[in-house]
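**Student:** From first to last, the protein sequence lines stand for chains A and B.
When the first sequence is numbered by this note's numbering, its final residue is 756 and no position is left out of the sequence of numbers.
When the second sequence is numbered by this note's numbering, its final residue is 1090 and no position is left out of the sequence of numbers.
For glycine and all other residues, C-beta sits at the position ideal for the given N, C-alpha and C.
Just so it is clear, the structure is predicted and the values come from calculations on it, not from any experiment.
I am attaching a structure below and will ask some questions about it afterwards.
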Amino acid sequence: MDKMPAWADAVLVPLISILLAAILSALVILAIGESPTEALWLMIDGALMRSSGWGYTLYYATNFIFTGLAVSVAFHARMFNIGGEGQAMIGGLGVALACLFIPWPHWSLALLGATGAAALFGAAWAWLPAYLQAKRGSHIVITTIMFNFIAAAVLNYMLVNVLRPKGAMDPATAKFPEATHLPTFQDMFSTAENVIFRGSPANITFFIALLACVAVWVLIWRTRLGYEIRAFGHSETGALYAGISPVKITVVAMLISGGLAGLMALNTTMGEAERLVLNATEGAGFIGIAVALMGRSHPVGVLLAALLFGFLYQGGAELALWTNIPRELITVIQALVILFTGALDNMVRKPLESIFLSLRSKGA
Amino acid sequence: MDLATILQVLDSTIRLSTPLLLACLAGLFSERAGVFDIGLEGKMLFAAFFSAAVAAFTGNAWLGLVAGIGASLALSAIHGLASITFRGNQLISGVALNFLASGLTVLIAQTWFKQGGKTPTLEDGARFGEITLPFAETLSGVPVIGPIYAELISGHAILVYVALACVPLTWWVLYRTRFGLRLRAVGEAPDAVDTAGVSVVRLRFTAVAICGILCGIAGAYLATSLQPFFSKEMTAGRGFIALAALIFAKWRPWYALMTCLLFGLLQAVALRFQNIDLGAFTVPVQVMDALPYILTVVILAGFVGKAIPPRAGGEPYVKER
């Protein structure tokens, strides 16, 4: 017998966790001598009341959709891919190489090529940790952490010693050719007399992120591979009895996860900066963990959580601009969300379960 | 390369190894008791900030140390609550605490000091000074041994010697006391410990607390000794290098010392020489940066001696009824 109805598990538990995180965040803002309600209004005003604010919110959300999906797919196979950051960095390298060294005739073809490169490079970076987990039993959390640092060193080397144009000072690649410029929301939705999304970085990659949500949903719940991934995640021995190869599922799930993380680079590198810079990922790989936990590893949940974090990011930037609250407030909120929805899940769940059980026994 | 240069590099090796060693031993206690801790980085950062802040306010390095340990213990308590009491995911809890420390330190530093997430530079009394061991002056005239004693062994902050003393102490506690036996047992087979009538929860909380204290000392060393101030993200991945060292050392104290000295040496060499010219080819500085992580992956892969973690590591203990 289920202890709780499905809607309570899927909606109520995360909502209460987020509420707890929000209350604590408000206390933090109070403690540093600012007003939480004013801060909230500033964030809403800066992120949601103008089209350019939405442009930034959706731009950040695009990153978090990709990294959130990446963590989710690994979660379904009961693996914790903490290496999204490194996979996204290497994915960015793939995007940069594809954009710089292939003469694309049109942005649509460039986008296709760069998508392939980003996914391929990201997946490749996830392959070795996956293989070591599957074949040698090396803990995937530790190896992916190590691979984040190794990726940072690789990227640093490539940008400083190999890809930096002659005479340039900052470690970054040359600007990508004009033909690889992706249409931004401003290009797509503005009319001659009415310019919207002015100057904001949201671009066509957002729709690729939405496609990725649909693709992950189909993969996990409508294909044989997805079934095998979920079966493996529920019980490794059970999956083995059913003839599912643990090695294959571990590696394939991590390749998909790494590929999704790599896709994030499309948005930051090709869509926004139009060159590869050192800190292109900006911690989005880690926010994917919060997004996946909050979204309960479901694409719809991931989409909503990514939008929330996009709002927090853009709102946080506005706060830093207009008040004495530094951007790091968002890191604190992110930490609280991970803490309550991930680590302290039972603290919220257990009392709720007993409430529902007692309600049911009264009704019966 | 002359003796003076070698001595300088080795001297900075010891300085840079100290925080790694303390954090590594901290992780050792926690993980030997079956509680994974990837929040070493966050605890060190938290401790670094509060030790520097309190030392700046009071002008006393020792009060700073106490504050650092207290701050680190607070994070340990949350980790214990999440991973022992509420049986949550220990890895996710660690990730959350790392972010919490990274955000809160800057937030509070900005509120208290308004220097862009830094603390003011500490005066002499507010930081741990260098200790000159007896006879360092008189012996420094003796060739080879003199400079080694005066430069390398003498002349470090007290916390360096504390860290080094922690190695035999950890070994003794772990392998020669009743508490140590139980601690190791609770990380391998908590049900057996429970059957013997020993509280799994209390043992694990104790281990997590010891981890917090050691991380606190490591953080205080960073901000009141290695550098005389706190700055944003000043741990710079040391918690993760310590984690790597712990695996490399296969969860054993003396090996932890060796590994931390090795990783400290890599940092010192990278700091001193940048790109190393070997004649035929140059070793770029990034290779030195990445080497601890690469070595750890190789060890984890089990091609050069397999690293086997404590068997019950990462698993919350559920009492049988």
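What residues of chain B sit near M739 of chain A, judged by a beta carbon separation below 7 Å?
**Tutor:** Residues of chain B passing the Cβ test: F855.
**Student:** To the nearest angstrom, how far is the alpha carbon of V835 of chain B from that of D960 of chain B?
**Tutor:** If I take the Cα positions, the gap works out to 36 Å.
**Student:** Within the 8 Å Cβ cut-off, does M393 of chain A reach chain B?
**Tutor:** Residue confidence for M393 of chain A is low, a pLDDT of 47 falling below 50, so the modelled location carries little weight and cannot support an answer.
**Student:** What residues from chain B crowd round I424 of chain A, counting only those whose CB sits closer than 7 Å?
**Tutor:** Simply L876, T880.
**Student:** Verify whether the separation of the beta carbon atoms of A1165 of chain B and I847 of chain B is less than 8 Å.
**Tutor:** Here chain B has residues from 770 to 1090 only, and residue 1165 of chain B is not among them.
**Student:** Is the CB-CB distance between M646 of chain A and P406 of chain A below 8 Å?
**Tutor:** No; because the gap between Cβ atoms is not below 8 Å, this pair is not in contact.
**Student:** Is F541 of chain A close to chain B, meaning its C-beta is less than 8 Å from at least one C-beta of that chain?
**Tutor:** So yes, F541 of chain A belongs to the interface.
**Student:** Would you mind telling me which residues of chain A sit closer than 8 Å to I1063 of chain B, beta carbon to beta carbon, in chain order?
**Tutor:** Going along chain A in sequence order, the residues near I1063 of chain B (Cβ under 8 Å) are M538, I542.
**Student:** Could you tell me whether any Cβ in chain A is nearer than 8 Å to the Cβ of S841 of chain B?
**Tutor:** It does not: the Cβ of S841 of chain B has no partner Cβ on chain A nearer than 8 Å.
**Student:** Quick one: list the residues of chain A neighbouring A1017 of chain B, beta-carbon separation under 7 Å, in chain order.
**Tutor:** The residue you asked about is not Ala; residue 1017 of chain B is Phe in the sequence shown. Simply none; closest approach about 11 Å.
**Student:** Mind checking S427 of chain A: buried by the 16 CB within 10 Å criterion, or exposed?
**Tutor:** It counts as exposed.
**Student:** Please decide whether A735 of chain A counts as near chain B, where near means a Cβ-Cβ distance under 8 Å.
**Tutor:** Closer than 8 Å: yes.
**Student:** Excluding the 5 residues preceding and the 5 following C605 of chain A in the sequence, name in chain order all residues of the same chain whose CB lies nearer than 6 Å to its CB.
**Tutor:** Result list for C605 of chain A: P691, L695, in chain order.
**Student:** For Q525 of chain A, collect the residues of the same chain with a Cβ closer than 8 Å to its Cβ; drop the 5 residues on either side in sequence, then sort them by chain order.
**Tutor:** Excluding sequence neighbours, Q525 of chain A sits near M471, H531, I532, T535, T642, M646.
**Student:** On the criterion of 16 or more Cβ atoms from any shown chain inside 10 Å, does W399 of chain A qualify as buried, or is it exposed?
**Tutor:** By the 10 Å Cβ count, W399 of chain A comes out exposed.
**Student:** Taking 8 Å as the threshold (beta carbon to beta carbon), is F701 of chain A in contact with chain B?
**Tutor:** Not one chain B Cβ lies under 8 Å of F701 of chain A.
**Student:** Roughly how many whole angstroms lie between the Cα atoms of D714 of chain A and G438 of chain A?
**Tutor:** Before going further, note that residue 714 of chain A is Trp rather than Asp in the sequence given. For W714 of chain A and G438 of chain A, the distance between alpha carbons rounds to 10 Å.
**Student:** Quick one: what's got a C-beta closer than 6 Å to P788 of chain B's C-beta in the same chain, skipping five residues either side?
**Tutor:** So the list reads A987, Y990, L991, R1007, once near-sequence residues are dropped.
**Student:** With contact counted as at least three CB pairs below 8 Å, one residue from each stretch, are the segment 786–800 of chain B and the segment 1018–1033 of chain B in contact?
**Tutor:** Yes: at least three Cβ pairs fall under 8 Å.
**Student:** What does the Cβ neighbour count give for R667 of chain A, buried or exposed, with the cut at 16 atoms within 10 Å?
**Tutor:** Label assigned to R667 of chain A: buried.
**Student:** Among residues of its own chain, excluding the 5 on either side of T661 of chain A, which ones have a beta-carbon nearer than 7 Å to its beta-carbon?
**Tutor:** So the qualifying residues of the chain are G484, V487, A488, L668, A672.
**Student:** Is it the case that the Cβ atoms of R688 of chain A and A423 of chain A are separated by a distance below 8 Å?
**Tutor:** The answer is no: Cβ separation not under 8 Å.
**Student:** At 4 residues or longer, and completely inside the segment 874–931 of chain B: list those alpha helix (DSSP H) runs for me, N to C.
**Tutor:** Taking only runs of at least 4 residues, the alpha helix (DSSP H) segments lying wholly in the segment 874–931 of chain B are 905–908.
**Student:** Suppose you measure from the CA of L503 of chain A to the CA of G460 of chain A; what does that come to, to the nearest Å?
**Tutor:** Each residue's Cα considered, the two are about 21 Å apart.
**Student:** For a cutoff of 8 Å on Cβ pairs, would you count D1058 of chain B as touching chain A?
**Tutor:** Yes, D1058 of chain B counts as interfacial toward chain A.
**Student:** Considering only the beta carbon of each residue, do T874 of chain B and L814 of chain B sit closer than 8 Å?
**Tutor:** Yes.
**Student:** Run down chain A in chain order and give the residues with a C-beta less than 8 Å from the C-beta of G966 of chain B.
**Tutor:** The premise fails here: G966 of chain B is roughly 26 Å from chain A at the closest Cβ pair, so nothing lies under 8 Å.
**Student:** Nearest chain A C-beta to S862 of chain B closer than 8 Å, yes or no?
**Tutor:** By this cut-off, S862 of chain B is an interface position.
**Student:** If we call anything under 8 Å between Cβ atoms a contact, is I730 of chain A one with A865 of chain B?
**Tutor:** Yes, the Cβ-Cβ distance between I730 of chain A and A865 of chain B is below 8 Å.
**Student:** Nearest to A830 of chain B by alpha carbon, out of B:I917, B:G885, B:S852, B:A926?
**Tutor:** Considering only alpha carbons, the answer is B:A926.
**Student:** Compute the Euclidean distance between the alpha carbons of T1004 of chain B and V740 of chain A, then round it to the nearest angstrom.
**Tutor:** Taking the straight line joining both Cα atoms gives about 33 Å.
**Student:** Give the secondary structure of T576 of chain A by DSSP, where H, G and I count as helix, E and B as strand, and everything else as coil.
**Tutor:** Three-state DSSP puts T576 of chain A in a strand.
**Student:** Is the CB-CB distance between S968 of chain B and A735 of chain A below 8 Å?
**Tutor:** No, Cβ-Cβ distance for S968 of chain B and A735 of chain A is not below 8 Å.
**Student:** Helix, strand or coil for N595 of chain A, going by three-state DSSP, please let me know.
**Tutor:** Here N595 of chain A sits in strand by DSSP.
**Student:** Can you tell me where the alpha helix (DSSP H) with P1022 of chain B in it begins and where it stops?
**Tutor:** First-last of the alpha helix (DSSP H) with P1022 of chain B: 1022–1042.
**Student:** If we cut at 8 Å on Cβ distances, does C980 of chain B have a partner in chain A?
**Tutor:** Chain A, which has no Cβ nearer than 8 Å to the Cβ of C980 of chain B, makes this no.
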